[in-house]
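This report concerns only the one structure given below.
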Amino acid sequence: MSIIEMKVPVIGESITEVTLSKWLVADGDYVNIDDPICEFESDKATLEFPAEAAGTISFVANEEDDLEIGALVAKIDTSASKGKTAPKANNKEAPKKEEKAAPVKKASTSTPTGQVIEMKVPVIGESITEVTLSQWLKGNGDHVNIDEPICEFESDKATLEFPAEASGKLIYIASEGDDLEIGALVAKIEVGASTNNGTAEDDIEEVPVENLETENKKDGHYADGHPSPAAAKLMAENKLSEKDIKGTGKDGRITKEDVMTAVANQKNKPATSASSNGKTATPAKVSSASATPVGERGERIQKMSRMRRTIAKRLVSAKNNTAMLTTFNEVDLTNIMAMRKKYQEEFVEKYGTKLGFMSLFSKACAKVLMEMPDVNASIDGDNIVYHDYVDISIAISTPTGLVVPPVKNVEKMKFHEIELAIKALAGKARAGELTLDEMKGGTFTITNGGVFGSMMSTPILNEPQSAILGMHTIQQRPMAIDGEVKVRPMMYLALSYDHRVIDGSTSVTFLVKVKQLLEDPVKLLLL
Numbered sequence: 346m347s348i349i350e351m352k353v354p355v356i357g358e359s360i361t362e363v364t365l366s367k368w369l370v371a372d373g374d375y376v377n378i379d380d381p382i383c384e385f386e387s388d389k390a391t392l393e394f395p396a397e398a399a400g401t402i403s404f405v406a407n408e409e410d411d412l413e414i415g416a417l418v419a420k421i422d423t424s425a426s427k428g429k430t431a432p433k434a435n436n437k438e439a440p441k442k443e444e445k446a447a448p449v450k451k452a453s454t455s456t457p458t459g460q461v462i463e464m465k466v467p468v469i470g471e472s473i474t475e476v477t478l479s480q481w482l483k484g485n486g487d488h489v490n491i492d493e494p495i496c497e498f499e500s501d502k503a504t505l506e507f508p509a510e511a512s513g514k515l516i517y518i519a520s521e522g523d524d525l526e527i528g529a530l531v532a533k534i535e536v537g538a539s540t541n542n543g544t545a546e547d548d549i550e551e552v553p554v555e556n557l558e559t560e561n562k563k564d565g566h567y568a569d570g571h572p573s574p575a576a577a578k579l580m581a582e583n584k585l586s587e588k589d590i591k592g593t594g595k596d597g598r599i600t601k602e603d604v605m606t607a608v609a610n611q612k613n614k615p616a617t618s619a620s621s622n623g624k625t626a627t628p629a630k631v632s633s634a635s636a637t638p639v640g641e642r643g644e645r646i647q648k649m650s651r652m653r654r655t656i657a658k659r660l661v662s663a664k665n666n667t668a669m670l671t672t673f674n675e676v677d678l679t680n681i682m683a684m685r686k687k688y689q690e691e692f693v694e695k696y697g698t699k700l701g702f703m704s705l706f707s708k709a710c711a712k713v714l715m716e717m718p719d720v721n722a723s724i725d726g727d728n729i730v731y732h733d734y735v736d737i738s739i740a741i742s743t744p745t746g747l748v749v750p751p752v753k754n755v756e757k758m759k760f761h762e763i764e765l766a767i768k769a770l771a772g773k774a775r776a777g778e779l780t781l782d783e784m785k786g787g788t789f790t791i792t793n794g795g796v797f798g799s800m801m802s803t804p805i806l807n808e809p810q811s812a813i814l815g816m817h818t819i820q821q822r823p824m825a826i827d828g829e830v831k832v833r834p835m836m837y838l839a840l841s842y843d844h845r846v847i848d849g850s851t852s853v854t855f856l857v858k859v860k861q862l863l864e865d866p867v868k869l870l871l872l
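This is the structure:
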């Protein structure tokens, strides 16, 4: 008697235990090599467990058992001859041959190995409970490789790619625009399956050369001019054929984007008629009846992006859940502008970046925040959390909305370090490349509406922070200086604060101290 022990395989680095969710065969059945015998459920996916040999199976574990990696699941008696085969749990007919036939896998067909990986929304961050599937990066039915990005998730903090957990055929479950909770099913992958987009690496070794030749076109790749499943559906809806579209996908495949482009071109294309010499004639005159009437009142409905919804939710929460007030002051930037003009060239030459207003304002705020911990504090239930460091969140406008990543430990940084940090964060934010770690934290926020021409505003708190400083546009205004009227570059400052933590006198004192440091910037270096 020859017995093969079937044990729980290593599934992934972080998976130490699985649950035997369902047997796919009956105890005592005859199974062929690679037949799925049961399903394992982990915290990341559900997958089928194939037989390692042909023979009679004997159960060791039971359904719903929690099994560690390497635990014994079943035994297979390989010396047993195939007799009467009991019906399988999945009601599929048993294979007619005892030995596994040599696989002949075509590059253009889907050949699942039996294992199906469920791709679920992973845990992204502590405060993130839901994401939006903003875009599929691979077509439905396409072959994907392990770790290849298949879609993009948009959370309230960042946009991130979702990589495939195995190589095989991708099957959509969710659709673009769907809101998905953490753990929700996104897609399934038939492990090892090859599709019209390519062939799994394991399959390539098993395909006879003579069979491959019949799958290729005479003058190109088999995929040339063939639509992906999503593209084929869209083509059918718009009554388009392969000859109407130029494929730009892999090996000339027609993608969904190709079809959408063709549809758009078709709508914009004016009516034409062919002349006798084969050239395109002058476009036919469009009837005035078909033209859009001047002044027509149109409407369109578009779903808010997840970032925009999150911004709305957080701003309403800050407005409703805090005792927010705003105090104002103005600062004379004459000395700062003179300092920047005098040392700008040397600063750029030494550090490779300009000395901007943001580093000076950030440093001034950090200095005063260390002196006045109430303004740098936050509320946690019935407690006030005081911070011995200053992480200043910088409001950055992006095409998708406003983000406020923090520059950490500003109190210890030099001016050029602050400038470079802000520049790096702004670049990543506008490219959609900020990580969740880069979005976390912040004890105080600075927002600069002046770059858009704002003269004065009342910024809204960035919870759970207790204060936010609003900068505004610089205006040349006449000011009374030592009994004389002089024109000075002036900026209005606004400090919005949570009155539950910060008293009115504290907020005014804070703003006055910041004003004094900015009007005499040497104090930033000496005091």
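Here the sequence shown is numbered in the working numbering, starting from 346 and rising by one per residue.
The beta carbon of each residue, even a glycine, is placed where N, CA and C say it ideally should be.
In this text, all values refer to a predicted model and were calculated from it rather than measured experimentally.
What three-state label does DSSP hand residue i in the structure shown?
| i | result |
| --- | --- |
| A825 | strand |
| T854 | helix |
| V363 | strand |
| G643 | coil |
| R833 | strand |
| G522 | coil |
| D589 | helix |
| K773 | helix |
| Y688 | helix |
| M669 | strand |
| S742 | strand |
| N490 | coil |
| L369 | coil |
| V755 | helix |
| N583 | coil |
| E762 | helix |
| D865 | coil |
| P432 | With a pLDDT of 40 at P432, under the threshold of 50, the modelled position of that residue is not reliable, and no figure is offered here. |
| V859 | helix |
| S662 | helix |
| V376 | strand |
| E397 | coil |
Where DSSP assigns a beta bridge to residue i, which residues make up the other side?
| i | result |
| --- | --- |
| I462 | I534 |
| F498 | L478, L505 |
| L515 | I534 |
| S403 | K420 |
| K352 | L417 |
| L806 | Beta-bridge pairing links L806 to no other residue. |
| D677 | M835 |
| Y842 | L670, A812 |
| I737 | V752, F789 |
Evaluate residue i with the Cβ neighbour count: other Cβ atoms within 10 Å of its Cβ, from every protein chain shown; 16 or more gives buried, anything less gives exposed.
| i | result |
| --- | --- |
| M649 | exposed |
| S479 | buried |
| A399 | buried |
| Q611 | exposed |
| M605 | exposed |
| G484 | buried |
| P395 | buried |
| F760 | buried |
| N829 | Per the sequence shown, residue 829 should be read as Glu rather than Asn. Its Cβ having fewer than 16 others within 10 Å, E829 is exposed. |
Which same chain residues, not among the five before or five after residue i, have their C-beta less than 7 Å away from its C-beta?
| i | result |
| --- | --- |
| V846 | D719, A722, I724, I729, S811 |
| T361 | E413, I414 |
| F855 | V713, M717, V720, L840 |
Taking the alpha helix (DSSP H) that residue i falls in, what are its first and last residues?
| i | result |
| --- | --- |
| I819 | I819 -> no alpha helix (DSSP H), and no H or E assigned at all. |
| L714 | 702-716 |
| I724 | First-last for I724: 723-725, but that is the beta strand (DSSP E), not the alpha helix (DSSP H). |
| E510 | That residue, E510, is in no alpha helix (DSSP H); it is neither H nor E in DSSP. |
| N793 | That residue, N793, is in no alpha helix (DSSP H); its beta strand (DSSP E) goes 789-793. |
| K868 | 868-871 |
| D782 | 781-784 |
Here's a check: name, in chain order, each residue in its chain whose Cβ is nearer than 6 Å to the Cβ of residue i, leaving out the five neighbours to either side.
| i | result |
| --- | --- |
| P809 | S723 |
| I805 | L660, A663 |
| G667 | Note that residue 667 is Thr in the sequence shown, not Gly. L806, D843, listed in sequence order. |
| A511 | I462, I491, I534, V536 |
| K858 | V713 |
Counting only the same chain and skipping the five closest in sequence on each side, list residues whose C-beta sits under 8 Å from that of residue i.
| i | result |
| --- | --- |
| E397 | I349, M351, I378, I421 |
| A406 | L365, L412, A416, L417, V418, A419 |
| G522 | T477, L478, S479, K648 |
| M800 | H817, T818, Q820, Y837 |
| Y688 | L700 |
I'd like the span of the beta strand (DSSP E) that includes residue i, first residue to last.
| i | result |
| --- | --- |
| E386 | 381-386 |
| N728 | 728-730 |
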